[in-house]
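Participant: Dumping the structure here so I can ask a few things about it.
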Amino acid sequence: MKKEALVTYLRTKRVPLILCGILLIAGTLVLAFAWSAGLIGGRITTRTFLKDTPKTYPAGYRRAHGKGICFEGTFRASGEAVPYSIASVFAQQKVPVIGRFSLGSPDPYAPDNSTRTASMALMLTADDGEQWRMKLNNEPFFATRDAEGFLKQMEAYKPNPSTGSPDPARVTAFLKEYPEAKKYVKWDATAPWTRSFAGAQYNVINSFILIDKNGKKQAIRWSMRPHAAFTSWSVSQRKQASHDFLFEDLKKRIQKGPLYWDLVITLAEPGDAVNDPSQVWPESRRQIVAGTLEVSHVFDQADGGCRDVNFDPTRVPKGITLSDDPVLRARAGIYAHSHSDRVREIGYGKATDAVVKHQNDNPKNK
Amino acid sequence: MSGKKNRPSAPPTQFNITARILHWLMAAMILAMIFVGLGMMTSLTWRPWLLDLHVPLGIAILLLVIIRFINRLSFPVPKMPVSMSKFQSKAAGTLHWLFYGMMLALPLTGWAQLSAGGFPVKLFPGVNLSPILPQSPLLYALLHDAHRVMAWALFFMVVGHFSAALLHAWVYRDGIFSSITWGRKMTIRSEEPPASAAE
Ligand code: HEM
Ligand code: HEM
Ligand code: HEM
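Chains as they are written, first to last, in this note's numbering: chain A, 943 to 1308; chain B, 111 to 309.
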């Protein structure tokens, strides 16, 4: 009897029940959408890494490494990497290169003595159209094992407004969660600062995989090893250095002649930390010189050339793939946001000194 | 047109088999594409992999929508049921054409934004599509925003379309739903009154 009553009840309420069901399905879809877009749930997304960019950030500049200079050059392959990878850049005689030197500071007007991080970004375009993009730093390793660690590090080292220096308790808590970062802190405190872009070694830090013609995989990292000698400066020399010392030095050197770097590939062995950019591989690993980069000419980034390029290190040619290094994968999305934000500012005419007037795409750029 | 080709004069009760297969195949692909797109813009881990999926899947949609469009224009389609108001059938019809517009515009703006941004349009490793626009910040800005706005709008169109479809399937039972499925034909749409009228 009860059952019958229920059935009758459900019959009369059929339409409202169905409507509820449809609303439920549609609502679930909308929630799934909102979560995937990062609108709800508060999860860390690649946008989170740019959330501290101030509203007043000078339009059109990179959200990090804002101060830089474009260059053109040529990569000449030695052929030594050919047995490991079918990428045509390793076999081609001359590969044209567009690149950029930059300071690690987010501030596009930073004085050159304000940061120890000097960087090189490259885009090699082989004759078959395959591109190899990369961003390299003069740091030998990354501070933390994953990208979330970078956010926590920023948070922990944020100066306390009342004291002007980081809160020691938060730093300790961070180093407890990311003990590997101690290595970075120590390196940062002791390693000499480079005094020239020309003499710095630039490292890829993340790991990649080479694929040979039989499909065999070889995990690697690489560096751009300078032909020019490394030079450093004392703290007092550095403090007195002019605002654009490093960039002026680079321009002067290029006027005298091209600068060179060897592309040195390090081959991992089983057990090496391929998925952890905070761990360096042993010195004894085999290295090959895959070719030499010649940097022949530099020009202002406002002129374009490298300005609108996203040197996204995850855009690799056939014959190279990504490793499961979590920092590498996170960078793909972070760079996409930074790139599209700044190029849209330029496109919509909001950029001022980030672009040169006569080259503007949009007459509204002043 | 129908007279020339000796087709039955009564409109069909179902979309033809090509339309039905393409509808459901593409519905799955498009929903997947929307979530792949969102994932690309947020995930710390999956962006490279999702982008490698987004481009070939999106280009497949571009090819399929062309076939679907030709098929749609070449064969008669079921009429809206008489129980539906003029306004409703007009709205449904407009929405369907808007869907075609979106299914065409999204892959094209996607391809064009990669071109205008100076990126390779990687279909598979070693296989790149040629750019369809020159590199330009203004074009990139417009296309990037257009792709995003349209993709988000498409999602809400799909949710609306999907809810309306279920309403027709479960409440009105007027044959609209079965016109795009394989299920047994509940009624011959546009002829019999909808089942829901009895309630
Ligand atoms: C999770 C950690 C990281 C974050 C949040 C981050 C963030 C950024 C951002 C927002 C930019 C500006 C990109 C653009 O607008 O095109 C940038 C540029 C750069 N990053 Fe990172 N980065 C990270 C890790 C690394 C690592 C591990 C390296 C090491 C190789 C690196 C090297 C560079 C270089 C060389 C540039 C300048 C690129 C250019 O000249 O276009 N970054 N970074
Ligand atoms: C995800 C993307 C979707 C798109 C772009 C889409 C698009 C369309 C289009 C253009 C039509 C008109 C018929 C044609 O020309 O092929 C149609 C019909 C239809 N769709 Fe979808 N659809 C989608 C998903 C769905 C879903 C998930 C459902 C069901 C739950 C659904 C149910 C229907 C029904 C019942 C019809 C027949 C409508 C009528 O005859 O007026 N669709 N759809
Ligand atoms: C029906 C087809 C497509 C749908 C539904 C779709 C959907 C989406 C969605 C939802 C996003 C994320 C937008 C955001 O939240 O910012 C997106 C981004 C993107 N789509 Fe598509 N897409 C389609 C086709 C394509 C095609 C064919 C291409 C390229 C050939 C493409 C290239 C892109 C790119 C490059 C982005 C990321 C932009 C960035 O990183 O800044 N899309 N798409």
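Heads up, the beta-carbon is just placed ideally off N, CA and C, and yes, glycines get one too.
All figures in this text were calculated on a predicted structure; none of them were measured in a lab.
Assess contact between the segment 1254-1272 of chain A and the segment 1139-1156 of chain A, defined as three or more Cβ pairs (one per stretch) separated by less than 8 angstroms. Is contact present?
Facilitator: Flag = yes, the segment 1254-1272 of chain A and the segment 1139-1156 of chain A touch.
Participant: Quick one: is the Cβ of B:R178 within less than 7 angstroms of any heavy atom of ligand 2?
Facilitator: True, at least one ligand heavy atom lies under 7 angstroms from that Cβ.
Participant: At a CB-CB cut-off below 7 angstroms, which residues of chain A make contact with B:Q251?
Facilitator: It should be pointed out that residue 251 of chain B corresponds to Ala in this sequence rather than to Gln. Those are V1285, R1286, G1289 and Y1290, listed as they occur along chain A.
Participant: So is the beta-carbon of B:F209 under 7 angstroms away from any non-hydrogen atom of ligand 2?
Facilitator: True, at least one ligand heavy atom lies under 7 angstroms from that Cβ.
Participant: Short check: CB of A:V1251 to CB of A:M1065, under 8 angstroms?
Facilitator: A contact, by the Cβ cut-off of 8 angstroms.
Participant: With DSSP as the reference, label B:M194 as helix, strand or coil.
Facilitator: It is coil, neither helix nor strand.
Participant: Does DSSP put B:I140 in a helix, a strand or coil?
Facilitator: Three-state result, B:I140: helix.
Participant: What do you get for A:Q1243, buried or exposed, if any count of 16 or more other CB atoms within 10 angstroms of its CB means buried?
Facilitator: Flag for A:Q1243 reads buried.
Participant: Starting from the Cα of B:R182, find the closest Cα among B:P166, B:Y210, B:D162 and B:G147 and give me that residue.
Facilitator: Out of B:P166, B:Y210, B:D162 and B:G147, B:Y210 has the C-alpha closest to the C-alpha of B:R182.
Participant: Can you confirm whether B:R283, when its beta carbon is compared against all beta carbons of chain A, has any partner nearer than 8 angstroms?
Facilitator: Closer than 8 angstroms: no.
Participant: Return the residues of the segment 239-273 of chain B that lie within a Cβ-Cβ distance of less than 9 angstroms from chain C, sorted by chain order.
Facilitator: Looking for chain C here will not work: the only protein chains present are A and B.
Participant: Under 8 angstroms between C-beta atoms, does B:L276 make it to chain A?
Facilitator: Closer than 8 angstroms: yes.
Participant: By the criterion of Cβ-Cβ separation under 9 angstroms, what are the contact partners of B:G338 in chain A?
Facilitator: Residue 338 of chain B lies beyond the residue range present for chain B, which begins at 111 and ends at 309; the question has no answer from this structure.
Participant: Is the CB-CB distance between A:G1247 and A:I967 below 8 angstroms?
Facilitator: No, the pair does not count as a contact, with Cβ atoms beyond the cut-off.
Participant: For A:I1162, count neighbouring C-beta atoms within 10 Å of its own C-beta (all shown protein chains included) and say buried if the count is 16 or more, exposed if not.
Facilitator: Buried.
Participant: From B:M150 to B:L160, what distance separates their C-alpha atoms?
Facilitator: C-alpha separation (whole angstroms): 6 angstroms.
Participant: Could you give the DSSP three-state label for B:S300: helix, strand or coil?
Facilitator: Residue placement at B:S300 cannot be trusted, given a pLDDT of 46 that sits under 50; what the coordinates show is reported in the next sentence. In the structure shown, B:S300 sits in coil (DSSP, three-state: anything other than H, G, I, E or B).
Participant: Determine the closest residue to A:F1083 out of A:S978, A:S1044, A:I1147 and A:D1049, with distance taken between C-alpha atoms.
Facilitator: Answer by Cα proximity: A:I1147.
Participant: At a cut-off of 7 angstroms, would you count B:L214 as near ligand 2, judging by its Cβ distance to the nearest heavy atom?
Facilitator: Flag unset: Cβ of B:L214 not near ligand 2.
Participant: Counting only runs that start and end within the segment 1148-1197 of chain A, where is the beta strand (DSSP E) found for 3 or more residues in a row?
Facilitator: Fully enclosed beta strand (DSSP E) runs of 3 or longer: 1150-1153 and 1159-1168.
Participant: With 8 angstroms as the threshold, decide whether the Cβ of B:T128 is near any Cβ in chain A.
Facilitator: No, no contact with chain A.
Participant: Whose Cβ in chain B lies nearer than 9 angstroms to the Cβ of A:E1014?
Facilitator: Result: empty, since nearest Cβ-Cβ is about 15 angstroms, beyond 9 angstroms.
Participant: Report the three-state DSSP secondary structure of B:D82 (helix, strand or coil).
Facilitator: A query on residue 82 of chain B cannot be resolved here, the shown segment of chain B reaching from 111 to 309 and no further.
Participant: Per DSSP, what kind of secondary structure is B:G220 in: helix, strand or coil?
Facilitator: Helix, per DSSP.
Participant: Any heavy atom of ligand 2 within a distance shorter than 7 angstroms of the CB on B:L260?
Facilitator: According to the sequence provided, residue 260 of chain B is Met. The question's Leu does not apply to it. Checking the Cβ of B:M260 against ligand 2 gives no.
Participant: Excluding sequence positions up to five away, which residues of its chain have a Cβ less than 6 angstroms from the Cβ of A:A1006?
Facilitator: Same-chain partners within the cutoff: P1048.
Participant: Do B:V231 and ligand 3 come close, with the Cβ less than 7 angstroms from some heavy atom?
Facilitator: B:V231 Cβ: within cutoff of ligand 3.
Participant: So that I know if they touch, is there some Cβ in chain B lying closer than 8 angstroms to that of A:A968?
Facilitator: Yes, its Cβ sits closer than 8 angstroms to a Cβ of chain B.
Participant: Go ahead and label B:M111 buried or exposed: buried means 16 or more other beta carbons lie within 10 angstroms of its beta carbon, across all protein chains shown.
Facilitator: The pLDDT assigned to B:M111 is 39, lower than 50, so where the model puts this residue is not dependable; a value taken from the coordinates is nonetheless given after this. B:M111 should be labelled exposed.
Participant: When you compare the CB of A:L971 with every CB in chain B, is at least one pair closer than 8 angstroms?
Facilitator: Yes, because at least one Cβ of chain B sits closer than 8 angstroms to the Cβ of A:L971.
Participant: Please go through the same chain and pick out, in chain order, the residues whose beta-carbon is closer than 6 angstroms to the beta-carbon of A:H1169, but skip the five residues on each side of it.
Facilitator: If we look at A:H1169 and ignore the five residues flanking it on each side, its Cβ neighbours are Y1202.
Participant: May I ask you to report which of helix, strand or coil DSSP gives A:H1239?
Facilitator: Three-state DSSP puts A:H1239 in a strand.
Participant: From the DSSP output, read off the bridge partner residues of A:W1223.
Facilitator: None; A:W1223 has no bridge partner.
Participant: Can you tell me whether DSSP reads A:Q1095 as helix, strand or coil?
Facilitator: Reduced to three states, the DSSP call for A:Q1095 is helix.
Participant: If I measure Cβ to Cβ from B:A226 and keep anything under 7 angstroms in the same chain, skipping five residues before and after, which residues do I get?
Facilitator: Contacts found: L243, Q245, S246, L249, Y250 and L253.
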